[in-house]
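Q:
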Amino acid sequence: NAGVMQNPRHLVRRRGQEARLRCSPMKGHSHVYWYRQLPEEGLKFMVYLQKENIIDESGMPKERFSAEFPKEGPSILRIQQVVRGDSAAYFCASSPTAGVVGQPQHFGDGTRLSIL
Amino acid sequence: DQQVKQNSPSLSVQEGRISILNCDYTNSMFDYFLWYKKYPAEGPTFLISISSIKDKNEDGRFTVFLNKSAKHLSLHIVPSQPGDSAVYFCAASLSGGGADGLTFGKGTHLIIQP
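In order, the protein sequences belong to chains W and A.
The C-terminal position of the first sequence is numbered 119 in my numbering, with every residue numbered one higher than the one before it.
The C-terminal position of the second sequence is numbered 1500 in my numbering, with every residue numbered one higher than the one before it.
1) On the DSSP bridge assignment, give the partners of ARG16/W in chain order.
2) So, at 6 angstroms on beta carbons, what are the nonlocal neighbours of VAL50/W in its own chain, with the 5 sequence-adjacent residues on each side left out?
3) Using a Cβ cut-off of 8 angstroms (strictly closer), state whether GLU21/W contacts chain A.
4) For LYS1492/A, return the contacting residues in chain W, with the cut-off set at a CB-CB distance below 9 angstroms.
5) Could you work out which residues of chain W lie near SER1435/A, taking near to mean beta carbons separated by less than 7 angstroms?
6) In the DSSP assignment, find the unbroken beta strand (DSSP E) run with HIS1458/A in it and report its ends.
7) With VAL1473/A as the anchor, note down where its beta strand (DSSP E) starts and where it stops.
8) Would GLN1392/A be called buried (16 or more neighbouring beta carbons within 10 Å of its own) or exposed?
9) Tell me whether GLU71/W, by its Cβ, gets closer than 7 angstroms to a heavy atom of the ligand GTP.
10) Output, in chain order, the set of chain A residues within a Cβ distance shorter than 7 angstroms of SER90/W.
11) By the DSSP assignment, the beta strand (DSSP E) with ARG23/W in it spans what residues?
12) Pull up the distance between the alpha-carbon of GLN40/W and that of LYS47/W, whole angstroms please.
13) If you drop the 5 nearest sequence neighbours on each side, which residues of the same chain put their C-beta closer than 7 angstroms to that of ASP1470/A?
14) Compare the C-beta of GLY1429/A against all C-beta atoms of chain W and say whether one is closer than 8 angstroms.
15) Report, in whole angstroms, the separation of the C-beta atoms of VAL1473/A and GLY1493/A, which I expect to be a contact under 8 angstroms.
16) Counting contacts by CB-CB distance shorter than 8 angstroms, is HIS34/W in contact with chain A?
17) Using a cut-off of 8 angstroms between C-beta atoms, extract the partners of SER69/W located in chain A.
18) Just tell me which of CYS95/W, ILE79/W and LYS65/W has its CA closest to the CA of HIS109/W.
19) Three-state secondary structure (DSSP) at ARG67/W?
20) Within this structure, are the beta carbons of GLN83/W and ARG67/W separated by less than 8 angstroms?
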């Protein structure tokens, strides 16, 4: 499967714990995006990264959330000290090149985070 | 502040007929628009896109129309098939290739009836 891979698919955490969500982009893609979807809502942009760089984090909550896309390995979205309101589906998308029409973002199947 | 609006939460269409899904936006700086289809427990799948310099783009059974003056776009599916039953999201981009974070509508649940 050459698509965007996210793991785990489901993650359960207790309040106060840390959640780590992983995303491996499609082969040849160097741009990664994270989105969050609350129930009955559309996807909300969180952060856009290239290798070792955060390009746009305007959608990230100011506290407890961080993201990275290291030179080697998957992109990681980290949520510290989780609260019930963090329960959502988190989607990762990737694209090959910035600003080229006809190369849309391709999405993974998401991680469903549940906070007990 | 909802910059991309899909005002119909659901739409029911008979198999073989045309499905028309609508989307309105408020930010005139958007210059690239995309439609995604989503099945339950899966990620969104790209369907079709349109640049703001065009007013129509067609791909097989799918056609997207853009009316910039009205800040409105629509997705036409003809003929509709049972496998088209899914949630459809309209998304908009501020960059020409959709390289920025996309702004999504809340989606329209399309139900194709046999």
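Here a beta-carbon is modelled for each residue, glycine too, at the ideal position from N, C-alpha and C.
Being a predicted model, the structure only gives us computed values, none of them experimental.
A: Straight from the coordinates:
1) ILE118/W
2) TRP37, GLU60, MET63 and ALA70
3) no
4) GLU43, GLU44 and GLY45
5) PRO107
6) 1458-1463
7) 1472-1479
8) buried
9) In the structure on display, the ligand GTP does not appear, and there are no ligands present to speak of.
10) Correct list: empty, because the minimum Cβ distance to chain A is about 16 angstroms.
11) 22-27
12) 6 angstroms
13) SER1405, ILE1463, LEU1496 and ILE1498
14) yes
15) 4 angstroms
16) yes
17) Per Cβ cutoff of 8 angstroms: no residues; SER69/W is ~16 angstroms from chain A at best.
18) CYS95/W
19) coil
20) yes
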